[in-house]
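Residue numbers (the working numbering), protein chains in the order written: chain A, 267 to 558; chain B, 27 to 280.
Read through the structure below, which is laid out as structure tokens, and then see the notes.
Structure representation (structure tokens):
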């Protein structure tokens with residue numbers, strides 16, 4: 267009896283009590299939504315091999331976000347312009363020089379990011395820089411919430427409609443092209459969604475860590491499923507869970523929200539890596555024994 | 027007199043100012059199995075890309091069934107079967123999913139399969155003998171089954187041109203026989219089949235025609251006339267090796 271009482275009390279303290287604060291309710295809902303959307307996209311990112319690209323774009327949006335803030339227009343627009351712009355720059359440099367792709371990506375996004383840092387250092391409100399870099403879901407404003415909702419709806423609807431074509435694009439873009447699908451359109455659609463969700467993600471975990479939201483849940487789900495639909499559902503569940511739990515944990519330990527969310531996502535990945543029924547390390551070593 | 031299926035007229039393709047293929051002209055009819063032979067880098071994949079419309083020739087014109095490339099893509103006329111190495115076998119799709127991808131060009135925006143799509147997919151899978159394996163993730167198949175899965179996708183697409191890239195590499199005898207039988211059937215049905223291969227023995231056994239390529243078309247036409255030691259020397263730039271398969275015996279009993 268004591269144990270159950272203790273458990274219920276603990277549960278209430280941990281999950282219910284913080285909800286008396288309005289900021290906490292907002293934080294939980296926003297982080298759940300962002301976790302959901304970023305995870306959905308992360309499936310495509312990991313299968314297309316765009317993890318590095320995701321890292322690049324999520325950092326390259328910084329100058330765009332700062333300029334948008336200064337011009338008082340939605341951050342998403344600034345992010346979109348610089349996100350897509352950085353990839354175009356990468357493509358251009360790759361086409362015109364003999365430099366390898368990963369090097370071009372590295373130099374372009376760090377250049378953009380550094381430009382963003384310089385711009386921010388010239389603008390007085392340093393509070394916002396910390397929030398942009400590290401996230402600030404516990405202090406999120408209503409206008410940011412609306413922006414996040416709009417981005418989420420656009421992303422989820424686009425993914426729902428173009429799902430099959432995007433999967434084919436990730437799997438076999440040659441076949442997609444030969445049957446008349448516009449792979450350039452699909453490429454820029456995926457890229458645009460990446461830029462938009464980077465903005466949504468920076469609310470909860472900040473620009474530096476948003477790439478984790480766009481990669482880790484997909485990677486974890488990849489180890490747990492052989493069907494794309496299941497993989498997406500699993501990734502979304504993991505994304506929501508880690509975002510919500512991460513937010514709660516950061517509240518109680520008074521630590522970095524972004525850090526808590528991503529550490530949790532990483533722990534889940536490690537668990538999957540070891541224990542996944544078919545693709546986990548333990549399962550694979552068992553299979554090797556049997557097939558020997 | 028059969029219709030011309032693939033018409034390549036004086037085509038030159040260049041990448042970054044370097045010419046990959048120049049002044050290439052080929053006319054392939056319906057109902058033909060044609061081998062494409064050349065060294066790596068000689069222009070085989072460039073030719074495929076030109077037929078699929080992935081590169082625009084700086085000179086010349088490519089048409090399939092008399093139609094320009096954009097139309098060809100819209101009508102799904104050209105089906106491409108990739109090399110095994112190019113496929114991500116860990117991708118979370120099963121055999122059925124892959125074959126259904128051959129039908130996307132006919133389906134609505136949401137790619138929801140209609141009965142006709144499901145029927146054709148089933149037919150294609152049964153034809154290659156993979157119906158029972160249709161729910162397996164593609165990485166779980168054997169080498170021969172993997173080839174057959176992509177073959178089924180090409181069948182489901184119901185094009186008129188089939189482009190095969192090294193289809194016989196690493197394939198077991200049973201699958202090879204199955205594929206050759208199917209190619210013969212498709213030829214009967216009027217398909218134009220172009221096979222890029224290094225397996226020279228296979229050319230003499232079932233390819234009616236052959237194209238020899240080395241940055242340009244060195245020769246093309248009926249295998250019996252074109253597939254000579256002399257032409258092969260020109261194709262492979264002097265590194266002749268043993269071309270006894272060119273004119274003498276081969277291991278296929280066809």
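We put the CB at the ideal spot given by N, CA and C, even for glycine.
TODO: Only counting runs of 4 or more residues, tell me where the alpha helix (DSSP H) segments fall wholly within the stretch 343–394 of chain A, in order along the chain.
DONE: Counting whole runs of 4 or more residues, the stretch 343–394 of chain A contains the alpha helix (DSSP H) stretches 367–387.
TODO: Enumerate in chain order the residues of its own chain whose CB-to-CB distance from residue 368/A is below 8 Å, with the five nearest sequence positions on each side excluded.
DONE: 318
Open item on the list: Only counting the same chain, and skipping five residues up and downstream in sequence, which positions put a Cβ closer than 6 Å to that of residue 46/B?
Closed with: 39, 69, 72
- [ ] Verify whether the separation of the beta carbon atoms of residue 477/A and residue 268/A is less than 7 Å.
- [x] no
Open item on the list: Taking 7 Å as the threshold (beta carbon to beta carbon), is residue 525/A in contact with chain B?
Closed with: no
- [ ] Grab me the residues of residue 48/B's own chain with a C-beta within less than 7 Å of its C-beta, minus the 5 sequence neighbours each way, in chain order.
- [x] The answer, listed in chain order, is 38, 241, 242.
TODO: Could you pull the start and end residues of the beta strand (DSSP E) that residue 106/B belongs to?
DONE: Per DSSP, residue 106/B belongs to the beta strand (DSSP E) from 104–107.
- [ ] Measuring alpha carbon to alpha carbon, tell me which of 383/A, 400/A, 414/A ends up nearest residue 465/A.
- [x] Nearest to residue 465/A by C-alpha distance, out of 383/A, 400/A, 414/A, is 414/A.
- [ ] Using three-state DSSP, classify residue 248/B as helix, strand or coil.
- [x] strand
Open item on the list: Strictly below 9 Å CB to CB, what residues from chain B border residue 539/A?
Closed with: In chain order: nothing, as chain B lies at least about 15 Å away.
Open item on the list: Taking 7 Å as the threshold (beta carbon to beta carbon), is residue 117/B in contact with chain A?
Closed with: yes
- [ ] Thinking residue 324/A and residue 473/A are a contact (beta carbons under 8 Å), I'd like their distance in whole angstroms, please.
- [x] Rounded, the Cβ-Cβ distance is 6 Å, consistent with contact.
Task: Boundaries of the beta strand (DSSP E) in which residue 257/B is found, first to last residue - done: Counting along the chain, residue 257/B falls outside any beta strand (DSSP E), though it belongs to the alpha helix (DSSP H) covering 255–261.
TODO: Go to residue 58/B, then tell me how far its beta strand (DSSP E) extends in each direction, as first and last residue.
DONE: 58–63
Task: Three-state class that DSSP yields for residue 44/B in the structure shown - done: strand
- [ ] Could you tell me whether any Cβ in chain B is nearer than 7 Å to the Cβ of residue 358/A?
- [x] No, because no Cβ of chain B sits closer than 7 Å to the Cβ of residue 358/A.
TODO: Give me the Cα-Cα distance between residue 497/A and residue 308/A, rounded to the nearest whole angstrom.
DONE: 10 Å
- [ ] Following the continuous beta strand (DSSP E) through residue 445/A, name the residue where it begins and the one where it ends.
- [x] Taken as a continuous stretch (DSSP letters only), residue 445/A belongs to no beta strand (DSSP E), as it is neither H nor E.
TODO: Give me the Cβ distance between residue 179/B and residue 127/B, rounded to the nearest whole Å; I'm assuming they're in contact under 8 Å.
DONE: 6 Å
Open item on the list: Rounding to the nearest angstrom, what Cα-Cα distance links residue 106/B and residue 542/A in this structure?
Closed with: 35 Å
Open item on the list: Let me check one thing: in DSSP terms, what residues is residue 88/B bridge-paired to?
Closed with: 34/B
Open item on the list: My output table needs one value for residue 25/B: the three-state DSSP class, helix, strand or coil.
Closed with: Only positions 27 to 280 of chain B appear in the structure, and residue 25/B is not among them; the question remains open.
Open item on the list: Against chain A, which members of the stretch 145–169 of chain B pass a CB distance test of less than 7 Å?
Closed with: 163
TODO: Check each residue of the stretch 67–100 of chain B: if its Cβ is closer than 7 Å to any Cβ of chain A, include it; give the result in chain order.
DONE: 78, 80, 99, 100
TODO: Within 10 angstroms of the Cβ of residue 279/B, are there 16 or more other Cβ atoms? Answer buried if so, exposed if not.
DONE: Caution applies to residue 279/B, whose pLDDT of 42 falls short of 50 and renders its modelled position unreliable; the value that the coordinates give is listed next. Its Cβ having fewer than 16 others within 10 Å, residue 279/B is exposed.
Task: Buried/exposed call for residue 215/B, threshold 16 Cβ in 10 Å - done: exposed
- [ ] Scan the stretch 49–64 of chain B for residues whose Cβ lies nearer than 9 Å to a Cβ of chain A and list them as they occur along the chain.
- [x] none
- [ ] Quick one: which residues of the stretch 408–430 of chain A get their C-beta closer than 7 Å to a C-beta of chain B? List them in chain order.
- [x] 427, 430
- [ ] Return the residues of the stretch 441–469 of chain A that lie within a Cβ-Cβ distance of less than 9 Å from chain B, sorted by chain order.
- [x] 441, 442, 443, 444, 445, 446, 447
TODO: For residue 33/B, go through chain A and note every residue whose CB falls closer than 7 Å to its CB, in chain order.
DONE: Correct list: empty, because the minimum Cβ distance to chain A is about 18 Å.
Open item on the list: Quick check: the Cα distance between residue 26/B and residue 532/A, rounded to an integer number of angstroms?
Closed with: Since the first and last residues shown for chain B are 27 and 280, residue 26/B lies out of range.
Task: Closer than 7 Å to chain B by CB, residue 497/A - done: yes
- [ ] Establish whether the CB of residue 122/B and some CB of chain A are separated by less than 7 Å.
- [x] no
TODO: Using only alpha-carbon positions, find the residue among 153/B, 154/B, 175/B that is nearest to residue 162/B.
DONE: 175/B
Task: Simplified DSSP assignment, three categories, for residue 94/B - done: In this structure, DSSP gives residue 94/B an extended state, which the three-state scheme calls strand.
- [ ] Evaluate residue 338/A with the Cβ neighbour count: other Cβ atoms within 10 Å of its Cβ, from every protein chain shown; 16 or more gives buried, anything less gives exposed.
- [x] Exposed, by the Cβ-count rule.
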